[in-house]
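Quick notes on the structure that follows.
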DNA sequence: AATGAATGAGCCTTCATTCAT
DNA sequence: TATGAATGAAGGCTCATTCAT
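Protein chains in written order, with my numbering: chain A, 1254 to 1484; chain B, 1254 to 1484; chain C, 1254 to 1484; chain D, 1254 to 1484.
In C-alpha cells:
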C-alpha cells in the first residue's frame, strides 16, 4: 500500500526517488534505442494487464514484437524492466503538477489544491500504482522504492504541517512527522481504494465521486489539524 | 493494504467474515484430525516465515513432518491451506477484545480504547496481517477476504460516527461512511507501517512507541470529527 | 592424462580415493533405489558413448526410462551423477586385483605382475578412464579426483622403489618419489595410448599387443632402476 | 595429455605438423590483416585465461576491441581461431631450438641437451599446452593434431634409439618405437605435471626444480636403455 | 570491412500434482 | 490414510550466428 501523501505546498516539489542501478548499458544505436523503448512500453502494458508475477518474459517480447533473446540485450531480468518502467513514469507520479492556487495564503485552499493534485495523479497512474503495490509485496528492491516514494511525500507534508504550526494555524500538540504519516496515509489509502481497488471490480456499487473524495479528505485533514474557521 | 479500522464501541462486535468454500470435508478419524491440524500449524509457520509465494507445498509437509502426498488428503492446493490458517486466526483478528471502558459515555475515552484494542490486535497478528496483504495482491479470493474484513470494521465505525453525529458530538458535514473509510484507513495504514513494515528492517531507527501511536491517531481522529473539548 | 601407475607390491593396496560429497540423500524405498541405480547405469552408458560435455540430462533420463524431473530426486546436476558413476567404479579401478605372484621375492616378477594388473584394470575400464580424462579438463572437482587417484599409485610405487633401494636392488641415485612419478607416468601414458586413444579409431594400424606392452614397460622400468641381472 | 617426447638429436628437426584446413582465405587489405591479427592474439589470451570451453566468441571480439560480427569475416567458428592460434605458435612448440652440444658423440650429453630443450619449450608454452590438452578432449580435429605432434617427436626419438642400438649403446631387446613411446611419454607426463598441473595451484608445495627434472628423466631414460658407464 | 543489434534453438531446473504401494 | 517417488509442463537464460546499416 502506498503511503505517500498529498502535497502541502506547491512550490516544494517532491524530490525524485533514487533510481535503480542500470546493469545493462544503454543502447548506442538508434535501432537499439527503439527496441529498448518498445520493450519498456510492452512491459508496462503487460504488467498492468497481467500483473507482475503472471508476466512471462516472452509475453513482453511477444508484445514488443521481438525475439525472446533480445530482451537480454537490455535487461537482465524481469525486475530490471520494471525498474525501467517505473523510472519512465516517475516524473508524473512524483510531481502531481499542482498549478498556482488562488489565495495561496489560505491554508485550506492550498491543502485542497494539493490533495486534488495528488489524487488526480494517483488516478492517472492507477494501474501503475496497483502494480507497484503488488511488486512491493514480492521484491524487496521495490518495497524499498515504494517506501522512499512514500517518505518523500510524508516529509514534504510534515514540513508543511510544521510550518502551519509555527504560524499557529495547526494544532501544536501533534508531532508533525507522526501527523503527516497518519494524514498522508489516510489520503493514499483513499486513493488506493478509489482508483485501484474499484478498478476491475465493475460490480462495485459506488464508483466514488472525485470531488467528494477531495472534499472529504481535505475537510478531515483540516479538522484533524484544527485549522481555524469553519464554513 | 488492510483498510480495516478500529472498533468504535466494544459492544458492537465485528461480525466474522464469510468463510471460504471448503472443498475437502473435515477428517473423520482422530489421526486425520491430527494430521490436518499439523498441516495448518506448519503452513502458518512457513507462510509467516517465507511468505506465501516462496512457500512450496513440500516446505509445509516437511514442517508438518508428513509426506508430500498427505497434503492432498486435506487440501487441494496452497490457497486452501491458507484459508484454513486464516479461518483459525480470524477470531482474534476480528475481535480485538476491548474490555469495558471506564466512562463509556466519554466519546474520547471510548475512541481511544477502541484504537488501542485494534492496534494491539494488529500487533499481535502482525505477521499474519503481512501475509494477508501479500496474498491479497496475488489471489483474488483473498483480496475479497481482505476487503470484506475491512468493510466490516468500516461499517461498524461508520455506525459509531453516525451515532455521534446524531448526538451532535461529531461534525455533521461529513458522510459517515466516507469519514469512516478515511479514518479507519488512517489507523490501519499506521498499524501496517508500525508493525509490518518496520519488522525485518532491524536497522529501522524509530521503533514507534505504541502509546504515542494510540494517542496520535486518537487525537487526529477526534479532531477530524471535531469532538468537542480539548484537554 | 592419468598419471597413476602400476602396483609394485600386491599386499599394499591403493587406498580408496576420498569420495565426493553426497548432496542428495540416498533413497529410502526399494523403488527409489532402483530408479537411482538405473540413472547411474544410464549415465555411465551415455557418458561413455557421448562424452561428458555432449551429454544432456535428458539423454540420461531417457536412457533410464524415467522423467526428466526424476533426475533431480537423486542428483542436483551432471557433476553429481558422474561422481556416483565414478564412486561405483572406483573399487575396480583402484584395486587391479593382482593375485599372488610366484616367487614374490623376485623384484622383476613382482614388477611384471603389478604392471600387468594395472594395465589390465586400465583396459577393463578404458572408457571410464577416457571419461575421467575428459572431465578432468573441465571440472576442477574431477581434476582433483584424478590427481588424488594418481598420487595414490605414485606414493605406493615410491614406497616400493625406496624399499628396493634399501635392499640395494634399485639405483640409489634417484629420488624415489621423482622416479615413481616418472615411471608411473610412463606406464599410465602407455595405457592411455593403448586403450583410450586407439579406441574408436579403428583405422589405427597397430592394435598393440597386451603382452608386449607389459613386457616393454616392465623391462624399461627395471632397467631405469638398474635392477640387477639381465636375461 | 601430450605424449610427445624430447628430441634426441638437434640436427633432426621435428617436421611441422599438417596444418588445419583454412576455410577463410587470408584478408586482402591491410586493415583486414590487422583485425585478423588482433583476433588471433586476443583469442590466445582469452583461451589461455579462461579455457577453450568457457570462452565465448564475444569474449574474443571484446578483447580484440572489435564487433562481434567481425569475427565471421575471418573465421567461421571457435575451432578455426584456435587453429590459427596453434599455427602461429607451432614453430616454437615444435623446434625446441637445442643448440650445438659439446661432445655431440656422448649419448648421455646429447640426451640431456635434448631433454632440457624439450622441457624448456614445454615450460615456455605451458599455457598453450594446457589448452591443447583441453581441446583435444573435446574436438576430434585437435585430438588428431595433438596425436600427430606427439608422433613426430616419438618417431624422431625412435630413430635416435635405433641408431644407438645399432651402435650397441642402447639395449637391443626393446622395440625402438615402443621404447620411444614409453620414454617420450614419460618425459611429456613429467612436463605436464610440472608446468601445467602445478600452475594455478599456488598452494602446491613442491614447485619442481627444473634442473632436477632434467637430470632425473635423463638418468631414467639412459638407464632404461642401458647406456653404458655410470658416473 | 565493420558494426552491434536481433534471432531463436536448446538446455536446465522447479514444483504442483498424481499414483503405486 | 500415509507415504514418497514419478511425472512433465513451463519458463528462464545463453550464446553462436545472421543481418541490416
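All residues carry an ideal CB built from backbone N, CA and C; glycine is no exception.
Pairwise C-alpha distance: residue j and residue i
i, j, result
"residue 1304(A)", "residue 1413(A)", "36 Å"
"residue 1407(A)", "residue 1431(A)", "9 Å"
"residue 1386(D)", "residue 1378(C)", "21 Å"
"residue 1475(B)", "residue 1452(A)", "32 Å"
"residue 1323(C)", "residue 1297(C)", "17 Å"
"residue 1311(D)", "residue 1314(A)", "24 Å"
"residue 1319(A)", "residue 1344(A)", "28 Å"
"residue 1381(D)", "residue 1375(C)", "28 Å"
"residue 1263(C)", "residue 1400(C)", "Below a pLDDT of 50, predicted positions are generally treated as unreliable, and residue 1263(C), at 43, falls in that range; the measurement from the model is reported next regardless. Each residue's Cα considered, the two are about 22 Å apart."
"residue 1279(C)", "residue 1333(C)", "13 Å"
"residue 1397(C)", "residue 1301(D)", "20 Å"
"residue 1464(B)", "residue 1347(B)", "21 Å"
"residue 1423(D)", "residue 1478(D)", "5 Å"
"residue 1284(D)", "residue 1460(D)", "44 Å"
"residue 1449(D)", "residue 1321(D)", "31 Å"
"residue 1281(D)", "residue 1370(D)", "38 Å"
"residue 1368(C)", "residue 1405(D)", "27 Å"
"residue 1291(C)", "residue 1480(D)", "55 Å"
"residue 1393(D)", "residue 1358(D)", "41 Å"
Heavy atom of the ligand ADP within 7 Å of residue i beta-carbon
i, result
"residue 1361(D)", "Looking for the ligand ADP in the displayed structure turns up nothing, as the structure carries no ligands at all."
Cβ distance (whole Å) where residue i is taken to contact residue j below 8 Å
i, j, result
"residue 1419(D)", "residue 1433(D)", "With a Cβ gap of about 15 Å, residue 1419(D) and residue 1433(D) do not count as contacting."
"residue 1388(D)", "residue 1335(D)", "6 Å"
"residue 1365(C)", "residue 1471(C)", "5 Å"
"residue 1447(C)", "residue 1466(C)", "6 Å"
"residue 1306(B)", "residue 1391(A)", "6 Å"
Proximity to residue i [Cα-Cα], best of the options
i, options, result
"residue 1421(C)", "1372(C), 1451(C), 1482(C), 1397(C)", "1482(C)"
"residue 1337(A)", "1397(A), 1293(A), 1473(A)", "1293(A)"
"residue 1468(D)", "1306(D), 1363(D), 1299(D)", "1363(D)"
"residue 1437(D)", "1409(D), 1319(D), 1308(D)", "1409(D)"
"residue 1443(D)", "1448(C), 1403(C), 1424(C), 1447(C)", "1403(C)"
"residue 1289(D)", "1301(D), 1306(D), 1326(D)", "1326(D)"
"residue 1286(C)", "1306(C), 1328(C), 1473(C)", "1328(C)"
"residue 1426(C)", "1405(D), 1473(D), 1417(D)", "1473(D)"
"residue 1360(A)", "1429(A), 1390(A), 1416(A), 1342(A)", "1416(A)"
"residue 1342(C)", "1281(C), 1321(C), 1441(C), 1384(C)", "1384(C)"
"residue 1295(A)", "1283(A), 1284(A), 1309(A)", "1309(A)"
"residue 1428(B)", "1340(A), 1395(A), 1462(A), 1445(A)", "1462(A)"
"residue 1340(A)", "1395(A), 1373(A), 1321(A)", "1395(A)"
"residue 1372(D)", "1445(D), 1321(D), 1282(D)", "1445(D)"
"residue 1331(A)", "1282(A), 1370(A), 1277(A)", "1277(A)"
Per-residue DSSP class, three states only, for residue i
i, result
"residue 1387(D)", "helix"
"residue 1324(D)", "helix"
"residue 1254(C)", "In this predicted model, residue 1254(C) has a pLDDT of only 49, less than 50, meaning its place in the structure is not dependable enough to derive any value."
"residue 1461(D)", "coil"
"residue 1367(C)", "helix"
"residue 1473(D)", "helix"
"residue 1451(A)", "coil"
"residue 1279(C)", "coil"
"residue 1421(A)", "coil"
"residue 1392(B)", "coil"
"residue 1340(B)", "helix"
"residue 1480(B)", "coil"
"residue 1427(D)", "coil"
"residue 1437(D)", "helix"
"residue 1416(D)", "helix"
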